[in-house]
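See below for the structure under consideration.
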Amino acid sequence: MAKVDGFDPIVSTEYGKIEGFNYKTAKSFKSEIFLGIPFAEPPVGKLRYEKPLPPSSWTSIFNAKEYGHQSITFKNQPVPDASENSLTLNIMKPSSPSVDPSGYPVMVFIHGGAFIAGSSANHSYKEIVDRLVSRNVIVSTVNYRLGPFGFFSTGDSKAPGNYGLWDQIEALKFIQKVISCFNGNPKNVTIFGASAGGASVSWLTLCPEAKDLFCRAITMGGSAFASWAHEEEDLIQHSKLLAKAVGCSDSENIKECMKQKSAKEIIAAASTFIKSEVRGDSVNFGYFYPRFDGEFVNGNTMEEAVKNAPKKANFLGICSQEYSSFE
Numbered sequence: 001m002a003k004v005d006g007f008d009p010i011v012s013t014e015y016g017k018i019e020g021f022n023y024k025t026a027k028s029f030k031s032e033i034f035l036g037i038p039f040a041e042p043p044v045g046k047l048r049y050e051k052p053l054p055p056s057s058w059t060s061i062f063n064a065k066e067y068g069h070q071s072i073t074f075k076n077q078p079v080p081d082a083s084e085n086s087l088t089l090n091i092m093k094p095s096s097p098s099v100d101p102s103g104y105p106v107m108v109f110i111h112g113g114a115f116i117a118g119s120s121a122n123h124s125y126k127e128i129v130d131r132l133v134s135r136n137v138i139v140s141t142v143n144y145r146l147g148p149f150g151f152f153s154t155g156d157s158k159a160p161g162n163y164g165l166w167d168q169i170e171a172l173k174f175i176q177k178v179i180s181c182f183n184g185n186p187k188n189v190t191i192f193g194a195s196a197g198g199a200s201v202s203w204l205t206l207c208p209e210a211k212d213l214f215c216r217a218i219t220m221g222g223s224a225f226a227s228w229a230h231e232e233e234d235l236i237q238h239s240k241l242l243a244k245a246v247g248c249s250d251s252e253n254i255k256e257c258m259k260q261k262s263a264k265e266i267i268a269a270a271s272t273f274i275k276s277e278v279r280g281d282s283v284n285f286g287y288f289y290p291r292f293d294g295e296f297v298n299g300n301t302m303e304e305a306v307k308n309a310p311k312k313a314n315f316l317g318i319c320s321q322e323y324s325s326f327e
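Numbering-wise, the working numbering puts 216 at position 216 of the sequence shown, and it's gapless, one number per residue.
Have a look at this one:
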């Protein structure tokens with residue numbers, strides 16, 4: 001079907017009012033769609049290579065009728081509107097009130113793409129409503145920083161990395177604050193993702209700071225245990241290549257130097273070794289990954305992280321031949 005004529009839904013939150021639009025499926029299920037909602041300050045300038053900050057409030061009604069920018073990563077990215085200013089999320093909900101006074105259960109989807117590609121618009125709101133929201137659940141899909149902007153790291157405290165994972169934490173914090181305004185239950189949040197999104201979900205289950213941000217997780221076709229989800233040596237090598245290519249080899253001031261470079265300079269430098277979304281020369285798929293930074297998880301090895309992780313219900317799944325597309 002399509003967007004439905006009539007009054008567009010407006011939701012009031014602590015950050016300001018948000019206006020979305022109505023959508024009705026072919027089976028006449030009515031839903032409300034809110035796209036491109038900022039959940040953090042734009043990670044540009046001084047905020048590049050830093051943990052995200054909560055968004056500023058807005059005074060006029062925020063128009064949430066179009067997807068936000070996809071996170072920018074490299075020159076050959078087949079998306080014309082990719083940008084550093086990409087920390088937005090989408091919320092899709094049933095139009096009718098929940099019969100449960102606590103509100104609808106909430107599912108938060110984290111997209112895949114080898115930590116270097118993809119966006120919250122990977123799956124259209126139409127198919128999400130058809131397959132999930134129509135079963136009386138609220139679904140949110142989130143963006144996070146990718147590639148050289150989301151996971152650049154020197155392997156130490158000078159540039160610890162994991163900025164993309166911290167974006168996911170900030171998105172979950174934002175959802176905790178606003179989802180009740182959308183008739184969602186903040187105490188009934190399930191996170192799920194596939195491929196690098198599944199690995200991200202796996203990382204989040206290990207993170208102490210995420211303990212109260214969700215109650216269960218579904219990990220599909222990806223895990224923090226996979227080498228491509230925590231390949232530190234490869235990450236540091238590509239980060240050093242990138243820094244050298246833009247003239248930031250001074251290890252003492254590398255992060256501040258990188259902040260002074262334009263996004264175009266970083267993209268051009270990254271494109272000298274990033275030729276496609278997925279590598280063909282390694283099972284690690286990408287070029288930039290999460291790592292054990294001494295803060296995101298409690299431990300410097302996977303064994304320590306698992307031992308010290310919050311206890312959560314975690315459903316894991318894989319498919320036969322799911323790796324065949326990379327052969």
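Think of the CB as a built atom: it goes at the ideal place given N, C-alpha and C, for glycine as much as any other residue. Quick caveat, the model's predicted, so the values are computed rather than measured.
- Going by beta carbons, F109 and T141 fall inside the 8 Å limit.
- G113 is not a Cβ neighbour of E232, given a cutoff of 8 Å.
- For the pair P9 and G20, the Cα-to-Cα distance works out to about 6 Å.
- Beta-bridge analysis with DSSP links Y289 to no other residue.
- By the C-beta density criterion, T88 is buried, having at least 16 other C-beta atoms within 10 angstroms.
- DSSP, reduced to helix, strand and coil, places Y163 within a helical segment of the structure shown.
- Excluding residues up to 5 positions away in sequence, P9, G20, N22, K93 and S95 lie with their Cβ nearer than 7 Å to the Cβ of E32 in the same chain.
- A direct Cα-Cα distance of roughly 42 Å separates E127 from K158.
- Within the same chain, Cβ atoms closer than 6 Å to the Cβ of M220 are found at A194, G198 and G317, the five residues on either side in sequence being excluded.
- For P55, the three-state secondary structure derived from DSSP is coil.
- F39 is the residue among E66, R216, E50 and F39 whose C-alpha sits nearest the C-alpha of W58.
- Linking F149 to F29 through their CA atoms gives a straight-line distance of about 39 Å.
- Contact between C207 and F296 is confirmed by a C-beta separation of about 6 Å, below the 8 Å threshold.
- In this structure, the alpha-carbon of E50 lies about 8 Å from that of P43.
- Annotated three-state conformation of A196 is helix, per DSSP.
- Linking N188 to S320 through their CA atoms gives a straight-line distance of about 31 Å.
- For L87, the three-state secondary structure derived from DSSP is coil.
- Taking the CA atoms as reference points, Y104 sits about 21 Å from A210.
- At the C-beta level, S71 and Y163 stay beyond 8 Å of one another.
- Within the DSSP secondary-structure output, R216 pairs in a beta bridge with T190 and A313.
- Restricting attention to alpha helix (DSSP H) runs no shorter than 4 residues, the segment 222-282 encloses them at 232-245, 254-260 and 263-270, ordered along the chain.
- Between the alpha carbons of V133 and K17 lies a distance of about 22 Å.
- Following the DSSP letters along the chain, one finds P38 inside the beta strand (DSSP E) bounded by residues K30 to P38.
- A straight line joining the alpha-carbon of I138 with that of V99 spans about 14 Å.
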